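One line per chain: the protein sequences are H and V, in this order. Using the working numbering, the first residue of the first sequence is number 16, and each one after it goes up by one. Using the working numbering, the first residue of the second sequence is number 2, and each one after it goes up by one. C-beta: ideal position from N, C-alpha, C; glycine also. No experiment lies behind these values; they were computed from the predicted model shown.
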Amino acid sequence: MTHLSEEDLILVYYGEPGAPADARAHLAECPDCAMQAKSLASLLDGCTNWPAAEPEPGFEARLWRGITARLPEKQTGRPRLRLFAFAAALASLVVVAFVAGRLTTHTAPPITAGLSSQARERILQISLADHLDRAEILLTNLSNGIAPDRGRAADLVSEGRLLRSALVTSGDAGTIALVDDVERFLLEAANEPEHPADAELAALQRRIEDDSLIFKIRIIKSNLRTRGQQS
Amino acid sequence: MDQGDDAAIEDARRGDRDAFRSLVERHGRSVFQLACRMTGNTIDAEDIAQETFLKAWREMRRFDGRASFGTWLHRICANCSLDHLRARNRRNILSAAAEPGALDPMEQIAAGSPSPERLAASAQVAEILGPAMSRLSHMERAAFVMRHYEGMGIEEIARALGVQSGAAKHTVFRAVQKLRRALEPAVRAVR
Numbered sequence: 016m017t018h019l020s021e022e023d024l025i026l027v028y029y030g031e032p033g034a035p036a037d038a039r040a041h042l043a044e045c046p047d048c049a050m051q052a053k054s055l056a057s058l059l060d061g062c063t064n065w066p067a068a069e070p071e072p073g074f075e076a077r078l079w080r081g082i083t084a085r086l087p088e089k090q091t092g093r094p095r096l097r098l099f100a101f102a103a104a105l106a107s108l109v110v111v112a113f114v115a116g117r118l119t120t121h122t123a124p125p126i127t128a129g130l131s132s133q134a135r136e137r138i139l140q141i142s143l144a145d146h147l148d149r150a151e152i153l154l155t156n157l158s159n160g161i162a163p164d165r166g167r168a169a170d171l172v173s174e175g176r177l178l179r180s181a182l183v184t185s186g187d188a189g190t191i192a193l194v195d196d197v198e199r200f201l202l203e204a205a206n207e208p209e210h211p212a213d214a215e216l217a218a219l220q221r222r223i224e225d226d227s228l229i230f231k232i233r234i235i236k237s238n239l240r241t242r243g244q245q246s
Numbered sequence: 002m003d004q005g006d007d008a009a010i011e012d013a014r015r016g017d018r019d020a021f022r023s024l025v026e027r028h029g030r031s032v033f034q035l036a037c038r039m040t041g042n043t044i045d046a047e048d049i050a051q052e053t054f055l056k057a058w059r060e061m062r063r064f065d066g067r068a069s070f071g072t073w074l075h076r077i078c079a080n081c082s083l084d085h086l087r088a089r090n091r092r093n094i095l096s097a098a099a100e101p102g103a104l105d106p107m108e109q110i111a112a113g114s115p116s117p118e119r120l121a122a123s124a125q126v127a128e129i130l131g132p133a134m135s136r137l138s139h140m141e142r143a144a145f146v147m148r149h150y151e152g153m154g155i156e157e158i159a160r161a162l163g164v165q166s167g168a169a170k171h172t173v174f175r176a177v178q179k180l181r182r183a184l185e186p187a188v189r190a191v192r
């Protein structure tokens, strides 16, 4: 057998697959390679002793202060959470009904028939704010260089389209334009390769920043929630 | 999942901030230390630790317990550190070793192995490792830290770096080769 390369020795040291199958047997027989392996191991063992830095005193308290300052406003208890979950589920149902109603013949009244137009509007606003919440998380991760979860992005595209079709009747052009913009980015995220190249991700990040997309999402979300509370 | 974390994780998943705070207090230091190794800078490491926990809070529902909570946090921290390094690269800021707050590897040299010769070699390596690490590219540094200190496999490193596994493997090779060239004279001197 030929001598082991430095790369082989690195793979053997870390126990990674990819080294020649008989690398260990060769090391037992070949003094030159064994010496190389020992030298590498001694060096890498030395690296293990590199001391980890200790944070400045008060680090944990400082860290928590920084985190709480950036957390969203606190929800007030579980009943409200349950109510919100119920509203979101109901909203999804309403949106489905809106679209189904448009696509099918009207042989029976839609399930939203009993709801006032004000109630429908409110539910739509809550659904949309919820959708934008989820899109914001995905786009924020993307703008931080984390490769997107493509399945989640595709789900958000479908959800966004459903909401958009319901929004058309409300005539809110600004919100519709934002939903369109968000969809554009979500579509790209959904169609990214499994391991996107750095340059592709960086280009997408730049465009998200250039469009101030996350800022716009936050503004529209805030407006939707304010309107939802007032109506 | 760590035994001590279980209850806090469950509560934090339901939005309990006090439970999450206990996780921050338990894991904050190790997250900081990883960020420090990745970036070579204590000031940046505090920012990265904060970013890591914010991401963890947002993604708590996705934590499935297959890895320990600490391991999951370290993966997030590695990604945040990479984002930070990329941003720093874009801003053309000077290398970590030249920044205020850069680590002084002389500060604490941990005890090495029982052999005096190995101990001396390890101490020598630790002494000059900081400057040698600062000469690696940020990808090389990140790949080496993830492989050597975090025990991450090549496939996982590739996913974190967003490259193919062959590229990740060669990044680790380059890092080790550069460190070897920089450190070997010190190791040789104590033999």
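Counting only Cβ-Cβ distances shorter than 7 angstroms, please list the residues of the segment 52–69 of chain V near chain H, keeping chain order. Result list: F54, L55, W58 and R59.
Interface residues of chain V facing F319/H [CB-CB closer than 9 angstroms]: Coverage of chain H is limited to positions 16 through 246, which leaves residue 319/H absent and any answer about it impossible.
Taking the C-alpha atoms as reference points, what is the distance between Q140/H and L201/H? Taking the first residue of the first sequence as position 1, residue 140/H is located at position 125. Taking the first residue of the first sequence as position 1, residue 201/H is located at position 186. So the alpha carbons of these two residues sit roughly 20 angstroms apart.
Does the beta carbon of I232/H come closer than 9 angstroms to any beta carbon on chain V? The sequence position of residue 232/H within the first sequence is 217, counting from 1. It does not: the Cβ of I232/H has no partner Cβ on chain V nearer than 9 angstroms.
L55/V: first and last residue of the uninterrupted alpha helix (DSSP H) it sits in: As a first step, residue 55/V must be located in the second sequence, where it is residue number 54. For L55/V, the enclosing alpha helix (DSSP H) has its first and last residue at T43 to R59.
To the nearest angstrom, how far is it from the Cα of N238/H to the Cα of I232/H? Numbered from its first residue, the first sequence carries residue 238/H at position 223. Numbered from its first residue, the first sequence carries residue 232/H at position 217. N238/H and I232/H: Cα-Cα distance of roughly 10 angstroms.
Check whether the Cβ of R165/H lies closer than 9 angstroms to any Cβ atom in chain V. Indexing the first sequence from 1 puts residue 165/H at position 150. R165/H does not count as touching chain V.
Please decide whether C78/V counts as near chain H, where near means a Cβ-Cβ distance under 9 angstroms. Position 77 of the second sequence, counted from the first residue, corresponds to residue 78/V. Chain H, which has no Cβ nearer than 9 angstroms to the Cβ of C78/V, makes this no.
Can you find a CB in chain A that lies within less than 9 angstroms of the CB of C62/H? Considering every chain present, this structure includes no chain A. Its protein chains are H and V.
First and last residue of the uninterrupted alpha helix (DSSP H) at N156/H: Start at 1 with the first residue of the first sequence, and residue 156/H comes out as number 141. Element bounds for N156/H: S132 to S158.
Simplified DSSP state of N4/H, which is helix, strand or coil: Since the first residue of chain H shown is 16 and the last is 246, residue 4/H is not available in this structure.
By the 8 angstroms beta-carbon criterion, what residues does the segment 143–164 of chain H contribute toward chain V? Within the segment 143–164 of chain H, the residues whose Cβ lies closer than 8 angstroms to any Cβ of chain V are, in chain order, I152, N156, N159, G160, I161 and A162.
Is it a yes or a no for the segment 181–198 of chain H touching the segment 213–220 of chain H, going by three-plus beta-carbon pairs under 8 angstroms? No: the two stretches stay apart, fewer than three of their Cβ pairs being nearer than 8 angstroms.
8 angstroms CB neighbourhood of D47/H in its chain, flanking five on each side removed: Translated into positions along the first sequence, residue 47/H becomes position 32. Same-chain partners within the cutoff: H18.
If you draw a straight line from the alpha carbon of A169/H to that of K53/H, how long is it in whole angstroms? For the purposes of this step, residue 169/H is taken as the residue at position 154 of the first sequence. For the purposes of this step, residue 53/H is taken as the residue at position 38 of the first sequence. Each residue's alpha carbon lies about 51 angstroms from the other.
Could you tell me if L42/H is buried or exposed, where buried requires 16 or more neighbouring beta carbons within 10 angstroms of its beta carbon? By one-based count along the first sequence, residue 42/H stands at place 27. Taking a 10 Å sphere around the C-beta of L42/H, we find 16 or more other C-beta atoms and assign the residue as buried.
Taking the alpha-carbon positions, what's the V172/H to E185/V distance? Counting from 1 along the first sequence, the entry for residue 172/H is found at position 157. Counting from 1 along the second sequence, the entry for residue 185/V is found at position 184. Straight across, the Cα-Cα distance linking V172/H with E185/V is about 54 angstroms.
Have a look at L178/H, L26/H, A67/H and P87/H and flag the residue whose alpha-carbon is nearest the alpha-carbon of I138/H. Position 123 of the first sequence holds residue 138/H. When only C-alpha atoms are compared, the closest one is L178/H.
What in chain V is Cβ-close to R85/H, meaning under 7 angstroms? Within the first sequence, the letter at position 70 stands for residue 85/H. Ordered by position in chain V, the residues that pass the 7 angstroms Cβ test against R85/H are L55.
Flag this pair as yes or no: are the beta carbons of L130/V and C62/H separated by less than 9 angstroms? Counting from one through the second sequence, the residue named residue 130/V turns up at place 129. Counting from one through the first sequence, the residue named residue 62/H turns up at place 47. At the C-beta level, L130/V and C62/H come within 9 angstroms of one another.
Roughly how far, in whole angstroms, is the beta-carbon of H139/V from the beta-carbon of G71/V, given that I think they are within contact range, below 8 angstroms? Looking up residue 139/V in the second sequence gives position 138. Looking up residue 71/V in the second sequence gives position 70. Between H139/V and G71/V the beta-carbon gap is near 24 angstroms, outside 8 angstroms, which marks them as no contact.
Using the C-alpha atoms, what's the distance from H85/V back to D226/H? Start at 1 with the first residue of the first sequence, and residue 226/H comes out as number 211. Start at 1 with the first residue of the second sequence, and residue 85/V comes out as number 84. The straight-line gap from Cα to Cα measures roughly 21 angstroms.
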